[in-house]
Each structure stands twice: as structure tokens, then as C-alpha cells.
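*Asks:*
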Amino acid sequence: MIQVVAPVGALLASVALLLMGNGLQGTLLPIRAEIETFGPVAIGVMGSAYYLGFALGCLYGPVVVGRVGHIRTFTAAAALASTVALAHAMITEPWAWWPFRAMTGFAFAILYMVIESWLNERASNETRGTVMSIYTVINLTVIMAGQMLLTVYDPASFAPFALASILVSLAALPVALTTALAPAPLRSTKIRLMRLYRISPVGFMGAFAVGLGNGAFWSLAPVFATGSGLTVNGVATFMSLVVLGGAIGQYPLGKLSDRTDRRRVILGATIGVCATAALLPVVAGLFAPGLYVGAFLFGLTAMPVYALSVAHMNDFVEPDGFVEASSGMLMVFAIGAIAGPMIASWATGIADADLLFPYIAVVYLGFTGFVVVRMRARAAPAPEDRPDFVATPGTSPALGALDPRSDAEPHATDVAAAAHGESVAAARDDGDPTAGNATDRGMVSRPPPEQS
Numbered sequence: 007m008i009q010v011v012a013p014v015g016a017l018l019a020s021v022a023l024l025l026m027g028n029g030l031q032g033t034l035l036p037i038r039a040e041i042e043t044f045g046p047v048a049i050g051v052m053g054s055a056y057y058l059g060f061a062l063g064c065l066y067g068p069v070v071v072g073r074v075g076h077i078r079t080f081t082a083a084a085a086l087a088s089t090v091a092l093a094h095a096m097i098t099e100p101w102a103w104w105p106f107r108a109m110t111g112f113a114f115a116i117l118y119m120v121i122e123s124w125l126n127e128r129a130s131n132e133t134r135g136t137v138m139s140i141y142t143v144i145n146l147t148v149i150m151a152g153q154m155l156l157t158v159y160d161p162a163s164f165a166p167f168a169l170a171s172i173l174v175s176l177a178a179l180p181v182a183l184t185t186a187l188a189p190a191p192l193r194s195t196k197i198r199l200m201r202l203y204r205i206s207p208v209g210f211m212g213a214f215a216v217g218l219g220n221g222a223f224w225s226l227a228p229v230f231a232t233g234s235g236l237t238v239n240g241v242a243t244f245m246s247l248v249v250l251g252g253a254i255g256q257y258p259l260g261k262l263s264d265r266t267d268r269r270r271v272i273l274g275a276t277i278g279v280c281a282t283a284a285l286l287p288v289v290a291g292l293f294a295p296g297l298y299v300g301a302f303l304f305g306l307t308a309m310p311v312y313a314l315s316v317a318h319m320n321d322f323v324e325p326d327g328f329v330e331a332s333s334g335m336l337m338v339f340a341i342g343a344i345a346g347p348m349i350a351s352w353a354t355g356i357a358d359a360d361l362l363f364p365y366i367a368v369v370y371l372g373f374t375g376f377v378v379v380r381m382r383a384r385a386a387p388a389p390e391d392r393p394d395f396v397a398t399p400g401t402s403p404a405l406g407a408l409d410p411r412s413d414a415e416p417h418a419t420d421v422a423a424a425a426h427g428e429s430v431a432a433a434r435d436d437g438d439p440t441a442g443n444a445t446d447r448g449m450v451s452r453p454p455p456e457q458s
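Number 8 in our numbering belongs to position 2 of the sequence shown; there are no gaps in the numbering.
#1: Please report the distance separating the alpha-carbon of S130 from that of L199.
#2: If you drop the 5 nearest sequence neighbours on each side, which residues of the same chain put their C-beta closer than 6 Å to that of V316?
#3: Out of V288, V137, S163 and R380, point me to the one whose CA is closest to L405's CA.
#4: Report the three-state DSSP secondary structure of N131 (helix, strand or coil).
#5: For G45 versus F214, is the C-beta spacing smaller than 8 Å?
#6: Any chance you could list the alpha helix (DSSP H) runs of at least 4 consecutive residues sitting entirely within the region 241-324, in chain order?
#7: Do you know whose CA, among L30, G372 and G15, lies nearest V216's CA?
#8: Three or more C-beta pairs closer than 8 Å, one from the region 264-275 and one from the region 347-357: is that the case here?
#9: Would you mind working out which of I41, T43, S20 and A301 sits nearest I77, comparing C-alpha positions?
#10: Going by C-alpha distance, which of L23, T374 and A386 is nearest M211?
#11: Straight-line CA distance for Y257 to H94?
#12: If you reduce the DSSP assignment to three classes, tell me which class F376 lands in.
#13: What separation, rounded to the nearest whole angstrom, lies between the Cα atoms of F293 and T237?
#14: Could you tell me which of T79, I116 and P105 sits nearest to G63, measuring between CA atoms?
#15: If you run the structure through DSSP and keep just helix, strand and coil, what is G448?
#16: Is the closest heavy atom of the ligand SAH to the C-beta of V181 under 7 Å?
#17: Check G355 in the structure and name its three-state DSSP category.
#18: Looking at C-beta atoms only, is the number of pairs between the region 300-313 and the region 158-178 that lie closer than 8 Å three or more?
#19: Taking all protein chains shown into account, do 16 or more other C-beta atoms lie within 10 angstroms of the C-beta of S171, making it buried, or fewer, making it exposed?
#20: Find out if the Cβ-Cβ distance for the pair F339, Y365 is shorter than 8 Å.
#21: Do A39 and M52 have their C-beta atoms closer together than 8 Å?
#22: Under 8 Å, with one C-beta from each stretch per pair, do the region 79-99 and the region 376-384 reach the 3-pair mark?
#23: Closest to V279 by CA distance: which of G252, G400 and D264 is it?
#24: Where does V288 land, buried or exposed, given buried means 16+ other C-beta within 10 angstroms?
#25: Are the beta-carbon atoms belonging to A169 and L155 less than 8 Å from one another?
#26: Report the three-state DSSP secondary structure of P105 (helix, strand or coil).
#27: Look at V368 and G305 and say whether their C-beta atoms are less than 8 Å apart.
#28: With distance defined between alpha-carbon atoms, name the residue in P310, N145, D360 and V329 nearest to L226.
#29: Spatial neighbours of L17 within its chain, please: C-beta separation below 8 Å, excluding the five flanking residues on both sides.
#30: Using only the alpha-carbon positions, how far apart do S246 and I254 sit?
#31: Kindly give me the distance between the Cβ atoms of I272 and V208, rounded to whole angstroms, as I take these residues to be in contact under 8 Å.
#32: Is the beta carbon of T307 closer than 8 Å to that of A284?
#33: CB-CB under 7 Å to D438, same chain, minus the five flanking residues each way: which ones, in chain order?
#34: Excluding the five sequence neighbours on either side, which residues of its own chain have a C-beta within less than 6 Å of the C-beta of G29, listed in chain order?
#35: Where do the N-terminal and C-terminal ends of the alpha helix (DSSP H) with P228 fall, by residue?
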């Protein structure tokens, strides 16, 4: 284990600091926005703006890396994210926070992309699975530490914003001071969303439903928690329990899905989400401490759905199509997450009551019905014909190359590049809905890797 971790230890330390800073901001900003009386719609737009910036970062990050290299890109994105964290405390107006959140999403997408392509470069085919597992565990646990940092300072003060800025700034040190060669140039992969839907409708709609529902949750749940009578400490605990539930639920549900039709496991998880989301508002009005139990159960059922959907999608693609599939699934999630917070906040504003969890219940209920229909329309692939489940955090398209199920070479990371003018080889779609990746991918011309 030490031999595996040692070459990537600095990178893992960087991502841990990044996740702590982002986790702190994710809970801090809705609470501070409520203190500043922004209103539910303004807070919802703020959440949507983050995911809009995130999607743009995933699409245009390769352009930035191609022009200035990995190390300069990482330090520039860290500087942007750190600066914006402080700017929130200086200008507490919705019109400013919306572009601030978009810039934060853009910066973090690029930061994750650089880290993940670097991890892929340093990992061998033999160690890629272990590195992926360690990285995923960090993703599922360190965010809790960032949220609990909210209890250290008053959210109405400048201090928590400064702390978030410090964490992001410190994350740049291991990368900026490295003497190792930077990763190989990023390759561009064309995203074809309609093809992904034809390959696996349930996987595609799963990513979209998670974006609609979970995207709204991350943007508005702190407001729900404070409105339910929880203190700042209680809100941090509430959010952390959701993350903890998601971390615990990933592997049991994933391994169970390896032994049966994955759609059955997805169906069980979505039914659990519907039940928990429907009961949480009732529990909040009757027994406030019960919110903590509900938070854990919500995380246990809702957070693994994305990884299960990605795994179901990968059941129908060839190994050389995993990167394109993971990139496309991330973009589908982002599209849903852009719309979700705005829809939930709009409904809350119209009804003059917090409808976050009823909205989430409706989203997952609709997806549950879709899964039932698809199970009747298409048989599941045989277990021996499917790759094993791998917990997949929705961080950046570069994660697909690190996935141990992929046959991508560890020194050539594919990322999405559908929205810019780079030269990508024309893809041939043979129209077979169960076919794997039929893309002839072209290498994008890049400058040679830089050395620090």
C-alpha cells in the first residue's frame, strides 16, 4: 500500500485540501445567503450557477491546459477559487454571488481535472484500481471535515471565508513545488449524449435524475436545515451525516449490483430516496433530532445512485468507451444540476413553504417509474459479461481514464471537448443501441509536457 500511495501522496493531499475548502463553502454560502435575506430563488440560482461553471470547466479545461500546461493551470485555478472565496465575504449581494459561484465551479472542475489526469499518469495498470479506491474514499469522507469546519467560526463573519480560501491556496503547494514531470497532453473525446441514451436509457436518466435531485439538495439543504430549527452546528452535522451515509452505502449497494440486475438495486435505492425525502419534512415538524437519522438514510440511498447509474452504463460499453461514457454521464449530471436548484427554489418561492424534499421525492419517483418501464423492455446483461462496480465520484471527465475498468493507457488521459473548436476525428455511429464505443478518436495537437 505504501508503495502505491507514495508516488501520489502529494496529489492526494492536494485534493483533500480542495475538497475541504469546497465542502466548507458548499454549506457556508446557503447559510450566509439566508442570513443576508437573499430569498429561496436567489439561493437556488446561486446553486445552479456553480454547476453551470462546473460544466464549462469540464468542457474548456483541456483548452487551458493545452495552452499553458498542467502546473500553471492548476495554480491559476487555485488562485481564482481562493480569490472568489474571499470575494463572497466582501460583496454580499445576489448579483455578485451568482457569477462568483459560476467562477468557483469553473475553477474546481479544472482543479479536479488536473489532479485526476496526474493521478492517472503516476498510476500503473496494476495500481490504478487501488489509487482510484483511495481517491474515492477521500472524496467520500474529506468533504465531511470541510462541513464540520463550519462550526469553528460564526458564518456571519469573515473568518470562514478566509478559512476556505486558505485551504484552497494550500492545495496548490504540492503541485506548484513538484519536481516530477507533468502529465502527458490531454486527449479530447467527443460527447454524444443521444448515443449514450440509446446505449443505456436507465444509466443516462439516472445521471440526469441525480443532477436534478442531488444538485438541488447540495444547494438548498442547509437552508432547509436552518428552517427546521437546527443551529449552525446542527446544520454541519446534518450535512456530514448525508455524506457519511453516502460513503457507507456505496460499496454494499455496488457489490450487490454486481450479483443481480443493477436496475433492481437502483430501484431499491430510488424507492428509499422517495420514502426518506417524503418523511423528512414531517420529521422536521414533529421531532427535530430525527432529522439526523433522516439525513443519514437519505445519503445512504441517494448518494450511490450516480455511481450505480455509471456502472449500469458501463455494462453496455466496450472498455475503450469508458472514458467517453464517464465524460458524457458527468455532463448529463451537470445539466440536471443546473436546472434542479432553480426548479426547487422556484417551487419553494411560489408555495411559500420549503418544498426541497417533496421536489426531490417527485424527481426520484419519476425516475423509479422509468426504471420499472425499462426493466420490462430490456433484459439485463449476464453478470459474467459485466465489469465490476466501481464507486465513481462526479468530479471531472479525467476520472474515466483512472477507472480500473477502462483500458485507456495511463499516460494519455481523455477528456470531454465537445463545446470548443478543437479537431476531433469524426465519429461513426452504426446505430446499434447496444454497441460499445464506435468512435475513432483523434489526438489533439498539444505542446510537450512541462517540467517544474
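C-beta: ideal position from N, C-alpha, C; glycine also.
*Replies:* This is what the structure holds:
#1: In the sequence shown, counting from the first residue as 1, residue 130 sits at position 124. In the sequence shown, counting from the first residue as 1, residue 199 sits at position 193. Using only the alpha carbons, I get a separation of about 30 Å.
#2: Position 310 of the sequence shown holds residue 316. Once the five neighbours on either side are set aside, the close Cβ partners of V316 are M335 and T398.
#3: Against the sequence shown, residue 405 aligns to sequence position 399. Among V288, V137, S163 and R380, the Cα nearest to that of L405 is on V137.
#4: Against the sequence shown, residue 131 aligns to sequence position 125. Correct three-state label for N131: coil.
#5: Indexing the sequence shown from 1 puts residue 45 at position 39. Indexing the sequence shown from 1 puts residue 214 at position 208. Cβ distance not < 8 Å, so G45 and F214 don't count as in contact.
#6: 268-292, 296-308 and 311-320
#7: Within the sequence shown, numbered from 1, the residue matching residue 216 stands at position 210. Nearest C-alpha to V216: G372.
#8: no
#9: As a working mapping, residue 77 is identified with position 71 in the sequence shown. When each option's Cα is compared against that of I77, the closest is S20.
#10: Residue 211 sits at position 205 when you count from the first residue of the sequence shown. Considering only alpha carbons, the answer is T374.
#11: Residue 257 sits at position 251 when you count from the first residue of the sequence shown. Residue 94 sits at position 88 when you count from the first residue of the sequence shown. C-alpha separation (whole angstroms): 37 Å.
#12: Numbered from 1 along the sequence shown, position 370 holds the residue referred to as residue 376. In the structure shown, F376 sits in a helix (DSSP, three-state: H, G or I).
#13: For the purposes of this step, residue 293 is taken as residue 287 along the sequence shown, with counting starting at 1. For the purposes of this step, residue 237 is taken as residue 231 along the sequence shown, with counting starting at 1. Each residue's Cα considered, the two are about 15 Å apart.
#14: Here residue 63 refers to the residue found at position 57 of the sequence shown. From the listed residues T79, I116 and P105, the smallest Cα separation to G63 is found for I116.
#15: In the sequence shown, residue 448 corresponds to position 442, counting from 1. Here G448 scores only 33 on pLDDT, less than 50, and its place in the model should not be relied on; the value that follows carries that caveat. In the structure shown, G448 sits in coil (DSSP, three-state: anything other than H, G, I, E or B).
#16: Ligands in the displayed structure: none, and consequently the ligand SAH is not present.
#17: Against the sequence shown, residue 355 aligns to sequence position 349. DSSP, read as helix, strand or coil, puts G355 in helix.
#18: no
#19: Here residue 171 corresponds to residue number 165 of the sequence shown, with the count starting at 1. Buried, because 16 or more other Cβ atoms sit within 10 Å of the Cβ of S171.
#20: Here residue 339 corresponds to residue number 333 of the sequence shown, with the count starting at 1. Here residue 365 corresponds to residue number 359 of the sequence shown, with the count starting at 1. Cβ atoms of F339 and Y365: not closer than 8 Å.
#21: On the sequence shown, residue 39 is found 33 positions in, with the first residue counted as 1. On the sequence shown, residue 52 is found 46 positions in, with the first residue counted as 1. A contact, by the Cβ cut-off of 8 Å.
#22: no
#23: For this step, residue 279 is matched to residue 273 along the sequence shown. Selected option, being the one with the closest Cα: G252.
#24: Walking along the sequence shown from the start, residue 288 turns up at place 282. Exposed: under 16 other Cβ atoms inside 10 Å.
#25: Reading the sequence shown from its first residue, position 163 is the one you call residue 169. Reading the sequence shown from its first residue, position 149 is the one you call residue 155. For the sequence presented, residue 169 should be read as Leu rather than Ala. Yes, these two residues count as a Cβ contact at 8 Å.
#26: Position 99 of the sequence shown, counted from the start, is the residue given in the question as residue 105. It is helical.
#27: Taking the sequence shown and counting its residues from 1, one reaches residue 368 at position 362. Taking the sequence shown and counting its residues from 1, one reaches residue 305 at position 299. Inclusion of V368 and G305 in the CB contact set at 8 Å is not warranted, their separation being larger than that value.
#28: Stepping through the sequence shown from its first residue, residue 226 is reached at position 220. Nearest to L226 by alpha-carbon distance, out of P310, N145, D360 and V329, is D360.
#29: Looking up residue 17 in the sequence shown gives position 11. If we look at L17 and ignore the five residues flanking it on each side, its Cβ neighbours are I121, W124, L125, R128, P180 and V181.
#30: Looking up residue 246 in the sequence shown gives position 240. Looking up residue 254 in the sequence shown gives position 248. C-alpha separation (whole angstroms): 12 Å.
#31: As a first step, residue 272 is located in the sequence shown; it is residue number 266 there, counting from the start. As a first step, residue 208 is located in the sequence shown; it is residue number 202 there, counting from the start. With a Cβ gap of about 7 Å, I272 and V208 count as contacting.
#32: Position 278 of the sequence shown, counted from the start, is the residue given in the question as residue 284. Position 301 of the sequence shown, counted from the start, is the residue given in the question as residue 307. In this structure, T307 does not lie closer than 8 Å to A284 by Cβ.
#33: Mapped onto the sequence shown, residue 438 falls at position 432. The predicted model places D438 with a pLDDT of 37, which falls under 50 and marks its position as unreliable; any figure quoted below should be read in that light. Around D438: no qualifying Cβ.
#34: The residue you call residue 29 lines up with position 23 of the sequence shown. These residues qualify, in order along the chain: I149, G152 and Q153.
#35: Along the sequence shown, read from residue 1 onward, the residue named residue 228 stands at position 222. From DSSP, the alpha helix (DSSP H) with P228 extends over P207 to G233.
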